[in-house]
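Engineer: Residue numbers (my numbering), protein chains in the order written: chain A, 37 to 376; chain B, 37 to 376; chain C, 37 to 376; chain D, 37 to 376.
We put the beta carbon where it would ideally sit given N, CA and C, even for glycine.
Here the structure is a predicted model, which means the values were calculated and not measured.
There are 4 protein chains.
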Amino acid sequence: MSGKINVGLIGAGRIGRLHAEHLAFRIPEANLVAVSDIILTTAQKCGAEFGIPTAAQDHRVIMENPDIEAVIICSSTDTHSRMIEEAAGAGKHIFCEKPIDFNLARIDRALAAVEKAGVKLQIGFNRRFDPNFRRVRELVAAGKIGEPHILRITSRDPAPPPIEYIKVSGGIFLDMTIHDFDMARYLISSEVEEVYVAAGVMVDPAIGEAGDVDTAIITLRFENGVIGTIDNSRRAVYGYDQRVEVFGSGGMVTVSNKTPDSAVVNDGQGVHGPLPLYFFIERYVDSYIAEMKAFIECVQQDRTPPVTGVDGRIPVVMGYAARKSYEENRPVRLGEVDTA
Amino acid sequence: MSGKINVGLIGAGRIGRLHAEHLAFRIPEANLVAVSDIILTTAQKCGAEFGIPTAAQDHRVIMENPDIEAVIICSSTDTHSRMIEEAAGAGKHIFCEKPIDFNLARIDRALAAVEKAGVKLQIGFNRRFDPNFRRVRELVAAGKIGEPHILRITSRDPAPPPIEYIKVSGGIFLDMTIHDFDMARYLISSEVEEVYVAAGVMVDPAIGEAGDVDTAIITLRFENGVIGTIDNSRRAVYGYDQRVEVFGSGGMVTVSNKTPDSAVVNDGQGVHGPLPLYFFIERYVDSYIAEMKAFIECVQQDRTPPVTGVDGRIPVVMGYAARKSYEENRPVRLGEVDTA
Amino acid sequence: MSGKINVGLIGAGRIGRLHAEHLAFRIPEANLVAVSDIILTTAQKCGAEFGIPTAAQDHRVIMENPDIEAVIICSSTDTHSRMIEEAAGAGKHIFCEKPIDFNLARIDRALAAVEKAGVKLQIGFNRRFDPNFRRVRELVAAGKIGEPHILRITSRDPAPPPIEYIKVSGGIFLDMTIHDFDMARYLISSEVEEVYVAAGVMVDPAIGEAGDVDTAIITLRFENGVIGTIDNSRRAVYGYDQRVEVFGSGGMVTVSNKTPDSAVVNDGQGVHGPLPLYFFIERYVDSYIAEMKAFIECVQQDRTPPVTGVDGRIPVVMGYAARKSYEENRPVRLGEVDTA
Amino acid sequence: MSGKINVGLIGAGRIGRLHAEHLAFRIPEANLVAVSDIILTTAQKCGAEFGIPTAAQDHRVIMENPDIEAVIICSSTDTHSRMIEEAAGAGKHIFCEKPIDFNLARIDRALAAVEKAGVKLQIGFNRRFDPNFRRVRELVAAGKIGEPHILRITSRDPAPPPIEYIKVSGGIFLDMTIHDFDMARYLISSEVEEVYVAAGVMVDPAIGEAGDVDTAIITLRFENGVIGTIDNSRRAVYGYDQRVEVFGSGGMVTVSNKTPDSAVVNDGQGVHGPLPLYFFIERYVDSYIAEMKAFIECVQQDRTPPVTGVDGRIPVVMGYAARKSYEENRPVRLGEVDTA
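(1) Sorted by chain position, which residues of the same chain lie with C-beta nearer than 8 Å to D/Val63's C-beta, five sequence neighbours on each side aside?
(2) Would you mind listing the beta strand (DSSP E) stretches within the segment 139-187 of chain A that are 3+ residues and don't spill past its ends, in chain order?
(3) Is C/His308 close to chain D? Criterion is C-beta to C-beta, closer than 7 Å.
(4) Can you tell me whether D/Lys40 is buried or exposed, with buried defined as 16 or more other CB within 10 angstroms of its CB?
(5) Between D/Glu229 and the rest of its own chain, which residues show a CB-CB distance below 8 Å, the 5 nearest in sequence each way excluded?
(6) What residues in its chain sit with their C-beta under 6 Å from that of B/Phe209, if we drop five residues either side in the sequence?
(7) Measuring only between beta-carbons, confirm whether A/Asn293 sits less than 7 Å from chain B.
(8) Using three-state DSSP, classify A/Arg366 as helix, strand or coil.
(9) Give the single residue among B/Phe217, B/Arg270, B/Glu133 and B/Phe283 whose Cα lies nearest to the Cα of B/Gln158.
(10) Let me check one thing: in DSSP terms, what residues is D/Ser191 bridge-paired to?
(11) To the nearest angstrom, how far is the alpha carbon of C/Ala242 from that of C/Ile199?
(12) Using the three-state DSSP reduction, which class does D/Val301 fall into: helix, strand or coil?
(13) Okay, do the segment 145-157 of chain B and the segment 211-227 of chain B touch, 3+ Cβ pairs below 8 Å being the bar?
(14) So, does the segment 156-175 of chain D touch the segment 277-292 of chain B, judging by three or more C-beta pairs under 8 Å?
(15) Among C/Ser225, C/Glu57 and C/Glu151, which has the Cα closest to the Cα of C/Thr67?
(16) Considering only their Cβ atoms, is the gap separating D/Val233 from D/Arg270 smaller than 7 Å?
(17) Between D/Ala123, D/Glu121 and D/Leu45, which lies nearest to D/Phe86 when the distance is taken from Cα to Cα?
(18) Smallest Cα separation from B/His129: which of B/Arg142, B/Lys294 and B/Ile98?
(19) For B/Pro135, count the other beta carbons within 10 Å of its own beta carbon; 16 or more makes it buried, fewer makes it exposed. Which is it?
(20) Check each candidate in C/Pro312, C/Ala195 and C/Asp322 and name the one with the smallest Cα separation from D/Val301.
(21) Decide yes or no for the touch test of the segment 273-285 of chain A against the segment 188-203 of chain A: beta carbon pairs closer than 8 Å, at least 3 of them.
(22) Hey, quick one: how far does the alpha helix (DSSP H) through C/His55 stretch, first residue to last?
(23) Assuming the contact rule is C-beta atoms closer than 8 Å, C/Ala149 and C/Ile120 should be a hit. Round their C-beta distance to whole Å, please.
(24) Please state whether DSSP places A/Tyr356 in a helix, a strand or coil.
(25) Hey, out of A/Tyr201, A/Thr265 and A/Ile108, whose CA is closest to A/Arg53's CA?
(26) Distance check for A/Tyr222 and A/Leu147, CA to CA, integer angstroms please.
(27) Does any residue of chain D bring its CB to less than 7 Å from the CB of C/Val273?
(28) Show which residues of chain B have a CB atom less than 7 Å away from the CB atom of D/Asn365.
(29) I believe A/Tyr362 touches A/Ala220 by the beta-carbon criterion, under 8 Å. Please report the beta-carbon distance rounded to the nearest angstrom.
(30) Whole angstroms is fine: what's the gap from D/Thr115's alpha carbon to B/Ile88's?
(31) Under a three-way DSSP split, which group does A/Phe131 fall into?
(32) Taking 7 Å as the CB-CB cut-off, is B/Val172 touching chain D?
(33) With 16 as the cutoff for other CB atoms within 10 Å, does C/Leu59 come out buried or exposed?
(34) Give, in chain order, every unbroken run of the beta strand (DSSP E) that is at least 3 residues long and sits entirely within the segment 187-264 of chain A.
(35) With A/Ser323 as the anchor, note down where its alpha helix (DSSP H) starts and where it stops.
(36) Let me know if C/Thr265 comes out buried or exposed under the rule of 16 or more other beta-carbons within 10 Å of its beta-carbon.
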């Protein structure tokens, strides 16, 4: 049995503020006692808004506070692995936004630090906590569609991020598809062993000039024989498109997009329904709450988090394999990715 | 066992031509040997188009032809009961378009003639042969929704007929709702004992000036306790709206409209699907074929037709009860309709 | 401009606790400072759970606290009108659960007290704040379906309440249909002038023995000429069924039920989708938050609440008219209900 | 202007009989005067059933009949190219079932004979005439989804053919995917230049022992930059699964499966809808009629058929490229297929 968990938040940008709100108002088991941000006023503003007693510029205020049992890492990606190591060194449990890092060696060092410290680490693949995808996984795992044969994931953003972001994003496969790679593993409960990518620049030439692509189809081969596709676009004018389908020997399960309401208008021109929820904040708000609740409960009850460090590492390997496949126009086995 | 049935068609207007086409091309068991129409050129044109050997102005050419075993009555409504009597007198089996007549005494005389002659009579309530409604009836009869409690019928035309037609139509309840009255009995397998109508003129004031209404909600009470509503409009701008729902102790069954295709477009404005099929010819073409096939088979195999003379009579009584309810703004029992 | 609103909660049963949770965690503009319940431990438990400083048995602790600006009345129905009068006398703004009372004279006295005191009163017709119904109203008001002609409301509960509750509920029309009466007025923006009821006992004979019905179809005539139906059942085995449809000169708008997820399974037997959310707590949780938020904002910004005392009174009159219609099997005008 | 077209049918197996029925009863512009089949009784039975004056074992009875203007080739695949050459030599217009041949040199010789003779040739890719797919093509061509970016085709059969058939089928890519290859070209209006296949044996090991696969994902790259996937299975337990989706800069269009009716049952377990139509005969009956109608009209009106010999040839090349891609596990350009 256990009491409330004292939590510190590192990084108060968009996603950090989202977690702060949930920790403050939606998760009674958590006690958000400190927030830090490299921009002090950002930390202070967040602290004021959500009633957080301490707001600091230096994250060490959190790391060195013996009352804090868990940290939420929402700082910029290039600091994630270092923050994990520091937190592990301080004996704190860790929730870290994805990706852990773009460098596999740094990921491995961070995971080793976590293991050595014996603390818990959960990675922010929030979509696993969405009721739709969770239900698909349950149905597949329960054998409702027999043995799975084919996986189809459609994952399209409503609009590309700014070009400046694209340039430091690690590329579409490490920035956007990484979520779908996690989803693929989650739904099929098997590891991917080979990927093949067909991709292009169709949305914005500036994305191509930045060395990236904006539209892609990724073929997956799983160890258990399942084959799958993911299709990505940086720009679906109708909004955030997040669908999956698993087909198997006993049938098929599909999920559709969420809409703000179900109002359908019939008029002289056609039958008109509502667009999907616009983007990830709207679409996945409940899954952000659920993942944080799950993390806090794992800390309270001393259980292994549902998205581990290894779950954070593998999609990065998949992202590198996808990039290599695109560059060399051939299927690439995950084992080919240099993980030394 | 039996051979092809020789058939004569009386009346070659829109619905007559539809039946002619089906008898000629879609129902190999029938042999359409003669057509008549009070406008000779109409009969001749129909005959030429569908390869009918004999085309005449006088329907007696059909009645007096001893080779003709069955007649299809598609002449104007005011001639239906007389044609039935003549055909019965000539010993021919009869398919007659709805309604048999607006006058209950004439209906009864026609039905008596049919009974006396021992010929078969089927009334053209084609919707019973639609796969959607047939399926609903089967599911209800099979107990898939338990004991039925509530029936809902939505029946809206895409556009009102010409005012000249409205004036001789017998009014919306005898012209349009009559199909829904038949559907109600068909789906619930019980008789209606009382109706209540709320109605108004909302589509076109000229319909009101002609003494009719164009929008109505009819409440039904069935002998077995089920309660139901029908809602009618003479003008649904999105096309022919034909839906039913039956709710019961074990669940609910619903059917939706048919569309020409299932193409759904997502664009920046919304999600856009196809409109329902425009009107009864498009919507119910298969049911017209099926009803005629059923009639020919009943003649061939000496079975009772699936829509009897009584099935043609009762909806007329319901239409009069509905009109009375509208005029007096009170629930009216079917027994109140003067059937002497 | 204004600061946080100090709020007191009277009655900490199921619905009271729901509001307490929302006021405590979801509505930062409110400050829930006291709770009372005639069972002291119930008040204390609620206070402990949601961090409410004061918990008392006697509601006068709230009424007499000069720091409390607004009260939330969630005590039993028979106390509502008295609580409203007391709160108005104490100069406090009032949110009161529906219905205000079953006695129209007491309602009128309560509304008069509110008017005299110049305080705000909002009635808890939460469904108005549901995104589906709100959207339908907006689309109708914006003329997207032209002039409305026909309204259809389906409102079916998953299971009847205990017979002991049925006996004191005021009957289905005042207990259950009252929400649909409010919805009808809300969607059509016109007053109902006449109702007709067809109803029966189909779910449970014990409900009939208690003098009530469990299944009903209510026909509505609005002042603006629109006609409508509501169909109710106390027991839909597939869950809470809450749909509306408005049909008009320019088209139709419909909404469908909400489901916990959108997972659809195709197997050898059929295509299987999820059931609707089970009951009102699951289905309408967001609307409960939204209605309370709206109330607090109206107090803060000195605006008229979106559901007024008159909005609370009229559905009670409609309920009485419906009961009279059922008893006398005839359409009843609202003016016939004795409101003296 | 023109009169009826005299037609001869070669091959009276399942698909031949289907065309015979349509030519006899559904296409008044055609006059089916002769049928041949290498099994004489098969030809005679077909002739008797559909009223065809001449029934023969030797197809030359058709080829040498100067009154016959057009032939319908439904004999076994290995005879198609020879029949085309003979018919072209006899100056007859040709409708030929797919595929023309598995041998590209023989295809080329047949197409050369057609060109030399100046006769019309239409290949039986019937799905182009399905209202769903036709509508998608129209919407894409009309720019309703902007520039196309991604194509997705799902094409799954309800059950595999007998192993004996599999062995002579040419393999899944030439037997089953060939239809999807045609659909891909039809919807995108651009040629495919490269394919990549991930496939396996998941349905039945006997299919693998016969040297074939039963489950596949094919990635397509089009000349115009579009990328696409096709997923195939030989066994979808829920029935024939035929869906497409085209995504572009301005939106997305999708079509869903056809069902025998739209009856949806809600019960205590879930919401249950009807399965898709079982297989191609049920699903595509209207498209078979439409393609034959189109062919007859092209002959009558001296227009180029909508599915040409080249349209018949290219999917065979795609099938060989797909097989090579599967065998070598790498993307294969169509130019690599040896067409000498």
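Structural biologist: Per the coordinate set shown:
(1) Position 27 of the fourth sequence, counting from 1, holds the residue named residue 63 of chain D. According to the sequence shown, residue 63 of chain D is Ile rather than Val. Excluding positions up to five away in sequence, the list reads Ile325, Met328, Lys329 and Ile332.
(2) 157-159
(3) Counted from its first residue, the third sequence places residue 308 of chain C at position 272. Yes, contact with chain D.
(4) Taking the first residue of the fourth sequence as position 1, residue 40 of chain D is located at position 4. Per the 10 Å Cβ criterion, exposed.
(5) For the purposes of this step, residue 229 of chain D is taken as residue 193 along the fourth sequence, with counting starting at 1. Answer for D/Glu229: Arg257, Phe258, Glu259, Arg369, Leu370 and Gly371, listed in chain order.
(6) For the purposes of this step, residue 209 of chain B is identified with residue 173 of the second sequence, where counting begins at 1. Excluding residues within five positions, the ones whose Cβ falls inside 6 Å are Gly355, Ala358 and Arg359.
(7) The residue you call residue 293 of chain A lines up with position 257 of the first sequence. At a cut-off of 7 Å, the C-beta of A/Asn293 has no neighbouring C-beta in chain B.
(8) Start at 1 with the first residue of the first sequence, and residue 366 of chain A comes out as number 330. It is coil, neither helix nor strand.
(9) Position 122 of the second sequence, counted from the start, is the residue given in the question as residue 158 of chain B. Out of B/Phe217, B/Arg270, B/Glu133 and B/Phe283, B/Glu133 has the C-alpha closest to the C-alpha of B/Gln158.
(10) Along the fourth sequence, one-based indexing puts residue 191 of chain D at 155. DSSP output for D/Ser191 lists D/Asn268 and D/Gln278 as bridge partner(s).
(11) Taking the third sequence and counting its residues from 1, one reaches residue 242 of chain C at position 206. Taking the third sequence and counting its residues from 1, one reaches residue 199 of chain C at position 163. Looking at the two C-alpha atoms, the distance is approximately 7 Å.
(12) The residue labelled residue 301 of chain D in the question sits at position 265 within the fourth sequence. D/Val301 falls in the strand class under three-state DSSP.
(13) no
(14) Too few Cβ pairs lie closer than 8 Å, so no.
(15) Taking the first residue of the third sequence as 1, we reach residue 67 of chain C at position 31. Residue identity check: residue 67 of chain C is Asn in the sequence provided, not Thr. The option with the nearest alpha carbon to C/Asn67 is C/Glu57.
(16) Position 234 of the fourth sequence, counting from 1, holds the residue named residue 270 of chain D. Position 197 of the fourth sequence, counting from 1, holds the residue named residue 233 of chain D. No, these two residues do not count as a Cβ contact at 7 Å.
(17) Position 50 of the fourth sequence, counted from the first residue, corresponds to residue 86 of chain D. Ranking D/Ala123, D/Glu121 and D/Leu45 by Cα distance to D/Phe86 puts D/Leu45 first.
(18) Against the second sequence, residue 129 of chain B aligns to sequence position 93. When each option's Cα is compared against that of B/His129, the closest is B/Ile98.
(19) As a working note, residue 135 of chain B is residue 99 in the second sequence. Counting Cβ neighbours within 10 Å, B/Pro135 comes out buried, since at least 16 surround it.
(20) Locating residue 301 of chain D in the fourth sequence gives position 265, counting from the first residue. D/Val301 has its Cα closest to that of C/Pro312, out of C/Pro312, C/Ala195 and C/Asp322.
(21) yes
(22) For the purposes of this step, residue 55 of chain C is taken as the residue at position 19 of the third sequence. Looking at the DSSP string, the run of the alpha helix (DSSP H) that includes C/His55 is Arg50 to Glu57.
(23) Reading the third sequence from its first residue, position 113 is the one you call residue 149 of chain C. Reading the third sequence from its first residue, position 84 is the one you call residue 120 of chain C. C/Ala149 to C/Ile120, Cβ: 7 Å. Contact.
(24) Translated into the one-based positions of the first sequence, residue 356 of chain A becomes position 320. Of the three classes helix, strand and coil, the one that applies to A/Tyr356 here is helix, per DSSP.
(25) Within the first sequence, the letter at position 17 stands for residue 53 of chain A. Of the listed residues, the one whose Cα sits closest to A/Arg53 is A/Ile108.
(26) Working through the first sequence from its first residue, we reach residue 147 of chain A at position 111. Working through the first sequence from its first residue, we reach residue 222 of chain A at position 186. About 20 Å.
(27) Translated into positions along the third sequence, residue 273 of chain C becomes position 237. Taking Cβ atoms only, chain D reaches closer than 7 Å to C/Val273, which makes this a yes.
(28) In the fourth sequence, the residue the question calls residue 365 of chain D occupies position 329. Here the premise fails: no neighbours, minimum Cβ distance about 35 Å.
(29) Numbered from 1 along the first sequence, position 326 holds the residue referred to as residue 362 of chain A. Numbered from 1 along the first sequence, position 184 holds the residue referred to as residue 220 of chain A. No, A/Tyr362 and A/Ala220 are not in contact; Cβ-Cβ is about 17 Å, not under 8 Å.
(30) Here residue 115 of chain D is taken as the residue at index 79 of the fourth sequence, counted from 1. Here residue 88 of chain B is taken as the residue at index 52 of the second sequence, counted from 1. Just so you know, the alpha carbons of D/Thr115 and B/Ile88 end up roughly 41 Å apart.
(31) Along the first sequence, one-based indexing puts residue 131 of chain A at 95. It is a strand residue.
(32) Locating residue 172 of chain B in the second sequence gives position 136, counting from the first residue. Yes - at least one Cβ of chain D is within 7 Å of the one on B/Val172.
(33) For the purposes of this step, residue 59 of chain C is identified with residue 23 of the third sequence, where counting begins at 1. Per the 10 Å Cβ criterion, buried.
(34) 228-236 and 251-258
(35) Within the first sequence, numbered from 1, the residue matching residue 323 of chain A stands at position 287. Where A/Ser323 is concerned, the enclosing alpha helix (DSSP H) stretches over Phe316 to Gln337.
(36) By 1-based counting over the third sequence, the position of residue 265 of chain C is 229. Buried is the call here.
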